[in-house]
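Under our numbering, read the sequence shown as residues 23 to 645, first letter to last. Beta carbons are placed, not taken as given, at the ideal position from N, Cα and C, and that holds for glycine. In this text the structure is predicted, and so the values were computed from the model without any measurement.
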Amino acid sequence: MQLQHYIELIWRRLWLILIGIALCTGATYIISNRAAPIYEASAFIQVIAPGTSNGGDVFSNQALAVGDALLVTSDDVLHTAAKSLPGVTFAQLQKAVSASPADNTQLIQVRGDAATPALATAITNTVAQTFIQHQVESETARLQGTANLLSQQLVTAKTNVDQAQAKLSTLQQNNAPAAQINQQTDLLNTYQLNYNSLLTNYNDIQLQKATMARSLTLVQPATPPAQPLGSRTLLNTVIAAAMSLLLMVILVLLLDWADATIKTPEDVARLALLEPLGSIPLRTTDSNAQMLSELALHDDQLERAFAIIHTNFTALNAGQRSLLVTSLQAHTGTTTVATRLALALAQSGTRVLLVDAHIRKPVLHNTFNLPNTRGLATCQADVHVLQKQPTKVYSWLNQWTTTEPNLWLLPAGNVTGSPTALLRSLELRKLVGWLLREQVDSGHTAPSPVDIIIFDTPALDEEADTIILAPLCDSSILVIEAGKERKEALQKAQATLKRLGAPILGVVINRQKASHRSYLYINQPQQGVFPGEASSQEHEVKYPLLKVQTLSMRTMPKTSAGGSVPQKQEAFPPDSRMNRFNRAEETIEASNDLKVDRDKTPIRHLSGIIVPAPGKNQGGKQG
């Protein structure tokens, strides 16, 4: 799995790798091609062990050549050579001069680089001669010191021999005992051996001194090179290409590691530890029609994506009846998700009131091709009327009907006062409560006008409208754009909404690209949540839980006030409690009921929204 991830990562970032390689190799080629030519001269020094002939021990001479080659570039030699080369410094010689023993020979090759042939030759010969002179002088001085010491020892040894010889002669003349004569003879022999040894060493030192000048010989002085060094442009370019490839791959891996943004539903569960509802693929559209295009049902991928979101929502919903759809940033697609979720719930038989809470920038009335003269902004006056006659709430609701059965839209309306004051009003809270509670009239109990209210709200980072509306709702759906948010932002939003009483029920990822992959670099497996594992979401439910009802499909019972009670086409879908997010996808793929059969179902357009036209079993517009 990881290997496949890295292969796909490198393939996706191949353009970046190729650009990096092209820039590095191109720059290296240009610099190498424009660099000044370098001339190299070389000289050879023959090494012969002092005190031996030219045909002496070859192996010892080769060993000496290896050691002496290291001394060619010593500081003493280069400092002395720099004094003999006008305009050349010690630092320049350190860079320009090199030496190495020739393979399987007793020769040392000295090389000198310079911008001109003459200077390269001068540097090479000067350094070679300086090295020879330095070695001869230092070795001669060392040998002379040894010779002086041996000379002093020879004088002492000669004196000892002479004295021992004289004493032995005296003992012999006086007819001394044989034992005494033998003892003196042994002492004389010892002195004589010591003297002979010192004399041999002294003669060897003198021989080495005499042959020292021939131990290092400049057998081949440097000559001016005819051509500069072979161009290193190709070599440098190849090395640059290899190094840049390695560095760019490392850079791509670092960028992948650093990009811990939420891109997939798996990231929502594993990084942010929240419930993923699903993801919506990116669609490239012009800015004016982007939302309407995203709502189109004729796209198989979008159709499947919203079906998964709807299925996961019903699995996670534990009776919450007021829902807040919001985002972290503006233009993330909350209206798209709120509208499509409302449509899906309505088509499944749930009675849905969709509220356009974008008070400052209304949107939904254009989507459904409805007027925006009245709506949320004008509902305060309606509440005063409903307070006197609560059963008229059904008639009030029917004025917001849409062409989609079971779906009502409360537009934002024209705001004349303060939007904040409107959203904080007690009347709005009363209206929400009436819509979600059973109505009692003359001893008869009628079902609640709607099953669920969905508020399409602005982003959390815009106005305070969403924060004001949150206490009205049981839970929230957070819509984020793939690759734009990090887990900290989602967790902060969850903390805020949970504190306000509307914790995040699930997260929808919008505009997910095909190239988006889940984040791989997690130190320890985090215990994420998936649809069905925490569907109960234990928190306070503000409104009565939705009850399963078996009412007539098409009849509209009359209340004493004359209003028609909107009926459900079927009961609210039970909690499926799926254990894993992938099971929701498998359910969608296996269910033919969740796909639109375009050959049998006529399609009608609703101001850019394409929805199935009502058939014989759906009925027409409720009112």
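Checklist entry - If we ignore side chains and look at the alpha-carbon of each, how far apart do residue 417 and residue 370 end up? => result By one-based count along the sequence shown, residue 417 stands at place 395. By one-based count along the sequence shown, residue 370 stands at place 348. Taking the straight line joining both Cα atoms gives about 23 Å.
Next on the checklist: Tell me which residues share the same chain as residue 102 and place their Cβ nearer than 6 Å to its Cβ, disregarding the 5 neighbours each side in the sequence.
Outcome noted: For the purposes of this step, residue 102 is taken as the residue at position 80 of the sequence shown. The answer, listed in chain order, is 152.
Checklist entry - Since residue 130 contacts residue 168 with CB under 8 Å, what's their CB separation in whole angstroms? => result Within the sequence shown, residue 130 is the residue found at index 108, counting from 1. Within the sequence shown, residue 168 is the residue found at index 146, counting from 1. Not confirmed; about 25 Å, so no contact.
Checklist entry - By a C-beta neighbour count over all protein chains shown, 10 Å radius and 16 as the cutoff for buried, is residue 179 buried or exposed? => result Your numbering for residue 179 matches position 157 in the sequence shown. Residue 179 should be labelled buried.
Checklist entry - How about the region 262 to 279 and the region 489 to 503: do they share at least three Cβ pairs that are nearer than 8 Å? => result No, the region 262 to 279 is not in contact with the region 489 to 503.
Checklist entry - Given that a residue counts as buried once 16 or more other Cβ atoms are within 10 Å of its Cβ, and exposed if not, what is residue 521? => result Here residue 521 refers to the residue found at position 499 of the sequence shown. Burial call: exposed.
Checklist entry - Going by alpha carbons, who is nearest to residue 156 out of 143, 93, 214? => result Reading the sequence shown from its first residue, position 134 is the one you call residue 156. Comparing Cα-Cα distances from residue 156 to each of 143, 93, 214, the minimum goes to 93.
Checklist entry - Exposed or buried, what is residue 381 when buried is set at 16 or more other beta-carbons lying within 10 Å of its beta-carbon? => result In the sequence shown, counting from the first residue as 1, residue 381 sits at position 359. By the neighbour-count rule (16 or more Cβ atoms within 10 Å), residue 381 is buried.
Item to check | When 34, 386, 391, 415 are compared against residue 14, the one with the closest alpha-carbon | outcome: Here the chain comprises residues numbered 23 to 645, so residue 14 is not present and cannot be evaluated.
Checklist entry - Three or more beta-carbon pairs under 8 Å between the region 333 to 346 and the region 437 to 452, yes or no? => result no
Checklist entry - In terms of DSSP beta bridges, what is residue 65 paired with? => result Taking the first residue of the sequence shown as position 1, residue 65 is located at position 43. Partner(s): 132.
Next on the checklist: Check this for me: beta carbons of residue 71 and residue 123, under 8 Å apart or not?
Outcome noted: Mapped onto the sequence shown, residue 71 falls at position 49. Mapped onto the sequence shown, residue 123 falls at position 101. No, the pair does not count as a contact, with Cβ atoms beyond the cut-off.
Next on the checklist: Which residue marks the beginning of the alpha helix (DSSP H) containing residue 328, and which one marks its end?
Outcome noted: Translated into positions along the sequence shown, residue 328 becomes position 306. Segment 322 to 338, the alpha helix (DSSP H) holding residue 328.
Next on the checklist: Which residue marks the beginning of the alpha helix (DSSP H) containing residue 157, and which one marks its end?
Outcome noted: Taking the sequence shown and counting its residues from 1, one reaches residue 157 at position 135. Boundaries of the alpha helix (DSSP H) harbouring residue 157: 139 to 195, taken from the DSSP string.
Item to check | Whole-angstrom distance between residue 375 and residue 403, CA atom to CA atom | outcome: Taking the first residue of the sequence shown as 1, we reach residue 403 at position 381. Taking the first residue of the sequence shown as 1, we reach residue 375 at position 353. Their Cα atoms are separated by approximately 19 Å.
Checklist entry - Are the CB atoms of residue 209 and residue 172 nearer to each other than 8 Å? => result What you label residue 209 is simply residue 187 of the sequence shown in a count that begins at 1. What you label residue 172 is simply residue 150 of the sequence shown in a count that begins at 1. Against a cut-off of 8 Å, the Cβ pair of residue 172 and residue 209 comes out as no contact.
Checklist entry - If residue 432 sits next to residue 487, beta carbons under 8 Å apart, how far is it from one beta carbon to the other, in whole angstroms? => result Numbered from 1 along the sequence shown, position 410 holds the residue referred to as residue 432. Numbered from 1 along the sequence shown, position 465 holds the residue referred to as residue 487. Actually they are not in contact, since the Cβ atoms of residue 432 and residue 487 sit about 15 Å apart, beyond 8 Å.
Item to check | CB contact flag (residue 399, residue 437, <8 Å) | outcome: Here residue 399 is taken as the residue at index 377 of the sequence shown, counted from 1. Here residue 437 is taken as the residue at index 415 of the sequence shown, counted from 1. Cβ distance < 8 Å, so residue 399 and residue 437 count as in contact.
Next on the checklist: Just to confirm the assignment, what range does the beta strand (DSSP E) spanning residue 533 have?
Outcome noted: In the sequence shown, the residue the question calls residue 533 occupies position 511. Residue 533 -> beta strand (DSSP E) spans 526 to 534.
Item to check | Spatial neighbours of residue 30 in its chain, beta-carbon cut-off 8 Å, leaving aside the 5 residues before and after | outcome: Taking the first residue of the sequence shown as position 1, residue 30 is located at position 8. Taken in chain order, the residues that qualify are 539.
Item to check | Three-way DSSP call (helix, strand, coil) for residue 300 in this model | outcome: As a first step, residue 300 is located in the sequence shown; it is residue number 278 there, counting from the start. Strand.
Checklist entry - Helix or strand or just coil, what does DSSP make of residue 295? => result Locating residue 295 in the sequence shown gives position 273, where the first residue counts as 1. Note: residue 295 maps to coil in three-state DSSP.
Item to check | Where the alpha helix (DSSP H) through residue 18 begins and ends | outcome: Outside the shown range of the chain (23 to 645) lies residue 18, about which nothing can therefore be said.
Checklist entry - With DSSP run on the structure shown, which of helix, strand or coil describes residue 385? => result Sequence index remark: in the sequence shown, residue 385 carries index 363 (1-based). DSSP places residue 385 in coil when its eight states are reduced to three.
Next on the checklist: Given this structure, state the Cα-to-Cα distance separating residue 301 from residue 48, to the nearest angstrom.
Outcome noted: Indexing the sequence shown from 1 puts residue 301 at position 279. Indexing the sequence shown from 1 puts residue 48 at position 26. Each residue's Cα considered, the two are about 42 Å apart.
Item to check | Counted within 10 angstroms of its Cβ, other Cβ atoms place residue 44 as buried (16 or more) or exposed | outcome: Taking the first residue of the sequence shown as position 1, residue 44 is located at position 22. Counting Cβ neighbours within 10 Å, residue 44 comes out exposed, since fewer than 16 surround it.
Checklist entry - residue 408: which of 337, 457, 40, 282 sits nearest, CA to CA? => result Against the sequence shown, residue 408 aligns to sequence position 386. For residue 408, the nearest C-alpha among the options comes from 457.
Checklist entry - Below 8 Å between beta carbons: does that hold for residue 41 and residue 296? => result As a first step, residue 41 must be located in the sequence shown, where it is residue number 19. As a first step, residue 296 must be located in the sequence shown, where it is residue number 274. No, these two residues do not count as a Cβ contact at 8 Å.
Item to check | Beta-carbon proximity list for residue 335, same chain, < 7 Å, skipping 5 on both sides | outcome: Sequence index remark: in the sequence shown, residue 335 carries index 313 (1-based). Here the set comprises 299, 363, 528.
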